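J.: So the sequence lines, in the order shown, correspond to chains A and B. Using the working numbering, you'd call the opening residue of the first sequence number 0 and step up by one each time. Using the working numbering, you'd call the opening residue of the second sequence number 1280 and step up by one each time. Every residue, glycine too, gets a C-beta built ideally from N, C-alpha and C. Computed from a prediction, not measured in an experiment: that's the story for all the values here.
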Amino acid sequence: MELRKSYFADVRKDDLHEIGQPRPRSDSPGHVTGKTAFFADRNFPGMLHLKMVRSPHHHARIRSIDTSEAEKHPGVVKILTAKDVPHNVYTILILIQIGPEDETVLADGKVRWKGEAVVAVLAETERAAQEAAAKVKVDYEVLPAVFDMEEALKPGAPLVNEYHGQNYYLYDSGECRKVRFGDVEAGFAGADHVLEQSYQSSPIEHAPTETTGCVVMPEGNDRFTCYTNTQAMFFTLDNTSIILQMPGSKLHFVGGTVGGGFGGKVDVIVEPIAILGAKLTGRPVCFIYSREEEMQISSPRAAEKVVIKDGVMKDGRIVARKVTGYTDAGAYSRHSPYGAQKGAGHYPGPYTIPNVWIDTYCVYTNRTPSSAMRGFGVTIGDFALEVQMDKLARLIGMDPLEFRFINAYRDGDMKAHRQPTEGAALIECMQEASRAANWPVAEKYLAMSSYVKGA
Amino acid sequence: MAKVPVQFTLNGSEKAEFVDSGTTLLHALRDKIGDTSPKGGCHQGTCGACSVIIDGELRLSCLTLAETCNGATISTTSGLSESGVLHPLQRAFLDTFATQCGFCTPGMIMAAKVLLDHTPNPSRDEVIEALSGNICRCTGYEPIIQAVLTAARSNSQNAA
């Protein structure tokens, strides 16, 4: 790769020892020799296998659970239901003071999505656990469900999650995250063209090659070592501590080796129940998602809907932008209130627009809870924004890249959230991109800089 | 359940085990013998992470019953380096940044080894074909293809 040292020459440091130098990865020798220990490479004598009984319904009241037949199945050691979990209702972001707790470790009284964990079966072999799980009888009263975000927001829609009381997350700013900058209606009134478009996406599964799971070893003295492939070690440690009502000093988490995650392993789902199983049986426990579970049960990237209305002048300036974003959290919050909030911050795009109005909703439906995935909350937004930018450029008959040069934010510009732009370098990136892609732009754009304007 | 005796050579050492009838070779290697270099990614023959070499052929250990391996010669990635010296494929995967999370790596290396054993100087298309049964989700296939081609080149230099 060629470094263009002419850019930012006066602020560039060329005496760095590490940046720009190739360094071997510390874990590669283990990878190529097969010695790297992934969590499932630990195998302890007497280890039990945990399998979940999962809801076959999208939304249902649990009338009763009968585990008597399953308990008699050969090899079954322990069966866990909601009443066995010390603090059964939790939410991941409570650790950064974002509540309410809205998700059950094992379903209690109700299931809110198809695949929700209801009963955990611990047995001597994987096969015995599977066969016994099939013998657990759960009597459901099926309830009306809602799968569409706009349907969920209508009055009279089935209430997905009682811990919220309505089908959207209640931010301290109200039913949505809001950004208000300038006067968007005045901006539209003065615009040469107004374009409103709506964009939507489906949930996307991460599909890591190594499925989610953990192996727990009771160490005696009521202490537990948990080998896990979590991507969020301290969220997992702290949340497990809350769920099991155990001090963190009794929990020893060993992680750091993840066979692919992409954000799909940041939720605290397998560890608390596996440690509880180890605590109640005194034996090592492994809980590993099958490939089928990984694809169907693990939280995907949220489905989103984005409505963008832009006012643009014939000379290429965007003068107003109004965005309404909807993030489908599924039945529980997990990381989605945060994802929707990130969208609110992101929808102005890397552009300087004088009038901005943004609302983003985190909506509950009876779908698989969504959560983190590589830039969640902003990737779909970027797709929508950049398609919209191309449409706007076409509308006024302008080259799409030149249109972006006109609107690109530069150092010193005030962003819609009233944070002055610093270190943007966007103009320079686009200049390089136009050269690399052999996409010519007028000389005046190649003479622009993001560095000086107003700074 | 009936226990079945099975004997095979694993990376040059004789192994003898009693396994439950129906046990996969993947489980026998990982849970009974303790060679965890083959990985279980899908357990249904689609991801290639469990690939091993049986009597010179690339096989999916998750779809191979241990009891069918009596008398076989089996190689896994953990047995590839000799006296601590990396095999050219291992060296190439290391040098060309062809491992990110490392979960698919042992299967990839086994697939590549079978290719190079049969075709010491493969074309790029032959490398792609040979690796087509192995799924990678994070490294990306391009560095892996480059690693195999690099190893092939270093092999032919050694031979010359």
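Of the residues Glu1405/B, Ile1414/B, Thr1384/B, Val1298/B, which one's Cα is nearest the Cα of Asp26/A?
T.: Comparing Cα positions, the closest option is Thr1384/B.
J.: What residues from chain A crowd round Gln1425/B, counting only those whose CB sits closer than 7 Å?
T.: None at all; the shortest Cβ gap to chain A is about 14 Å.
J.: Give the residues of chain B in contact with His72/A, contact being defined as C-beta atoms less than 7 Å apart.
T.: None at all; the shortest Cβ gap to chain B is about 15 Å.
J.: Check whether the Cβ atoms of Gly186/A and Pro353/A lie closer than 8 Å to each other.
T.: Yes, these two residues count as a Cβ contact at 8 Å.
J.: With DSSP as the reference, please indicate the residues paired to Ile61/A in a beta bridge.
T.: Answer is Tyr139/A, bridged to Ile61/A.
J.: Rounded to a whole number of angstroms, what is the C-alpha to C-alpha distance between Gly155/A and Arg1416/B?
T.: Whole-angstrom Cα-Cα distance: 43 Å.
J.: Which chain A residues are close to Gln1436/B, counting only those with a beta carbon under 7 Å from its beta carbon?
T.: Those within 7 Å of Gln1436/B in chain A number zero; the least Cβ separation is about 20 Å.
J.: Could one say the Cβ of Thr227/A lies closer than 8 Å to chain B's Cβ atoms, at least one of them?
T.: With 8 Å as the cut-off, Thr227/A does not count as an interface residue toward chain B.
J.: Output needed for Tyr288/A: all residues of its chain with C-beta closer than 8 Å, excluding positions within five of it in sequence on either side, in chain order.
T.: Answer for Tyr288/A: Thr210, Thr211, Gly212, Val269, Ile296, Ser297, listed in chain order.
J.: Going straight from the alpha carbon of Leu169/A to that of Val110/A, what length do you get?
T.: Those two C-alpha atoms are separated by around 22 Å.
J.: Leaving out five residues on either side along the sequence, give the residues of the same chain with a beta carbon under 8 Å from the beta carbon of Gly453/A.
T.: With a pLDDT of 44 at Gly453/A, under the threshold of 50, the modelled position of that residue is not reliable, and the figure given next carries that caveat. Cβ neighbours of Gly453/A beyond the five flanking positions: Arg409, Asp410, Gly411, Asp412.
J.: Within the same chain, show all residues whose beta-carbon is closer than 6 Å to that of Val265/A, passing over the 5 residues directly before and after it, in chain order.
T.: Excluding residues within five positions, the ones whose Cβ falls inside 6 Å are Gln230, Ala231, Ala371.
J.: In the DSSP assignment, find the alpha helix (DSSP H) that holds Met1387/B and state where it starts and stops.
T.: That run of the alpha helix (DSSP H) goes 1384-1397.
J.: Counting along the chain, where does the beta strand (DSSP E) carrying Lys321/A start and finish?
T.: First-last of the beta strand (DSSP E) with Lys321/A: 317-329.
J.: If distances are taken between C-alpha atoms only, which option among Pro23/A, Pro44/A, Leu152/A comes closest to Leu1373/B?
T.: Of the listed residues, the one whose Cα sits closest to Leu1373/B is Pro23/A.
J.: What are the residues that DSSP puts in a beta bridge with Cys285/A?
T.: For Cys285/A, which the question treats as bridged, DSSP gives the partners His48/A, Val214/A.
J.: Can you give me the C-alpha to C-alpha distance between Ala1295/B and Ile1312/B, rounded to a whole angstrom?
T.: Going by the C-alpha atoms only, they are around 9 Å apart.
J.: Would you mind stating whether Thr359/A and Arg176/A have Cβ atoms separated by less than 8 Å?
T.: In this structure, Arg176/A lies closer than 8 Å to Thr359/A by Cβ.
J.: Considering just the uninterrupted stretch of the beta strand (DSSP E) at Tyr360/A, what are its terminal residues?
T.: Residues 355-363.
J.: Do you know how far the Cα of His16/A is from the Cα of Ser200/A?
T.: So the two alpha carbons sit approximately 43 Å from each other.
J.: Pull up the distance between the alpha-carbon of Gly262/A and that of His345/A, whole angstroms please.
T.: Rounded to the nearest angstrom, the two C-alpha atoms are 19 Å apart.
J.: Would you kindly check if the distance between the Cβ of Lys390/A and the Cβ of Leu94/A is under 8 Å?
T.: No; because the gap between Cβ atoms is not below 8 Å, this pair is not in contact.
J.: Which two residues bound the contiguous alpha helix (DSSP H) that contains Tyr337/A?
T.: Per DSSP, Tyr337/A belongs to the alpha helix (DSSP H) from 335-345.
J.: May I ask you to list, following chain order, the residues of the segment 17-36 of chain A that have a beta carbon less than 8 Å from some beta carbon of chain B?
T.: So the list reads Pro23, Arg24, Asp26, Ser27, Pro28, Gly29, His30, Val31, Thr32, Gly33, Lys34, Thr35, Ala36, given in the order they occur along the chain.
J.: Return the CA-CA distance between Leu1305/B and Thr1355/B, expressed in angstroms with no decimal places.
T.: Spanning the two alpha carbons is a distance of roughly 11 Å.
J.: Where do the N-terminal and C-terminal ends of the beta strand (DSSP E) with Lys153/A fall, by residue?
T.: Lys153/A -> no beta strand (DSSP E), and no H or E assigned at all.
J.: Here's a check: name, in chain order, each residue in its chain whose Cβ is nearer than 6 Å to the Cβ of Pro299/A, leaving out the five neighbours to either side.
T.: So the list reads Pro202, Ile203, Glu204, Ser369, once near-sequence residues are dropped.
J.: Under 7 Å Cβ to Cβ from Thr1233/B, same chain only, skipping five residues before and after it: list those, please.
T.: Past the edges of chain B, shown from 1280 to 1439, lies residue 1233/B, and the structure says nothing about it.
J.: Along the segment 1295-1310 of chain B, what residues have a CB closer than 8 Å to any CB found in chain A?
T.: Going along the segment 1295-1310 of chain B in chain order, one finds Arg1309, Asp1310 with a Cβ nearer than 8 Å to chain A.
J.: Any residues in the segment 1374-1396 of chain B with a beta carbon nearer than 8 Å to a beta carbon of chain A? Which ones, in chain order?
T.: Against chain A - using a Cβ distance shorter than 8 Å - the residues of the segment 1374-1396 of chain B are Phe1376, Thr1378, Cys1380, Gly1381, Phe1382, Cys1383, Thr1384, Pro1385, Ile1388.
J.: Is the Cβ-Cβ distance between Val267/A and Asn228/A less than 8 Å?
T.: No, Cβ-Cβ distance for Val267/A and Asn228/A is not below 8 Å.
J.: Can you tell me the Cα-Cα spacing of Ala301/A and Asp14/A, whole angstroms?
T.: So the two alpha carbons sit approximately 43 Å from each other.
J.: For the segment 193-217 of chain A, list every residue whose C-beta sits within 7 Å of some C-beta in chain B, in sequence order.
T.: Against chain B - using a Cβ distance shorter than 7 Å - the residues of the segment 193-217 of chain A are Ala206, Pro207, Thr208, Glu209.
J.: Could you tell me whether the segment 319-338 of chain A touches the segment 427-435 of chain A, where touching means 3 or more Cβ pairs closer than 8 Å?
T.: Segments in contact, no.
J.: From Ala190/A to Gly310/A, what does the alpha carbon distance come to, in whole angstroms?
T.: Distance between the alpha carbons of Ala190/A and Gly310/A: 5 Å.
J.: On a Cα-Cα basis, can you pick out the residue from Glu401/A, Tyr331/A, Arg320/A that is closest to Ala343/A?
T.: The residue with the shortest Cα to Cα distance from Ala343/A is Arg320/A.
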